[in-house]
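In mature numbering (1 follows the signal peptide of the UniProt record, and there is no 0), the protein residues as written are -19 to -1, 1 to 102.
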């Protein structure tokens, strides 16, 4: 009796699962990035992008020597300006991490021309 009751419970559960509609989760979709011109490839990693009040854009890329680029628009053409830390960071960075650059939102580049460098932001 007990075996048949257990068997009935298992079969009922399997029937319920089989009859239930499958819940399919849709994958998130994001728009393709806009085209980029100029210096758009290479060591650009986790960039901070800033637009100055005069309309000029700056991009500071995380990692290594913190590459700096500028452009008249967000899509470019981007021009490499140099490195913020040409010889790399003076502080010890773990083998498993890299130097990050963080620029706070609404940062005043005209009056405070520096960035915040941390590990990690």
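Even for Gly, the Cβ is constructed at its ideal location relative to N, Cα and C.
Check	Outcome
Contact the region 50 to 63 vs the region 9 to 20: 3+ CB pairs below 8 Å	yes
Residues sharing a beta bridge with residue 51, DSSP	39, 60
Closest residue to residue 62 among 31, 40, 56, 68 (Cα-Cα distance)	40
Separation of residue 12 from residue 60, as counted between CA atoms	25 Å
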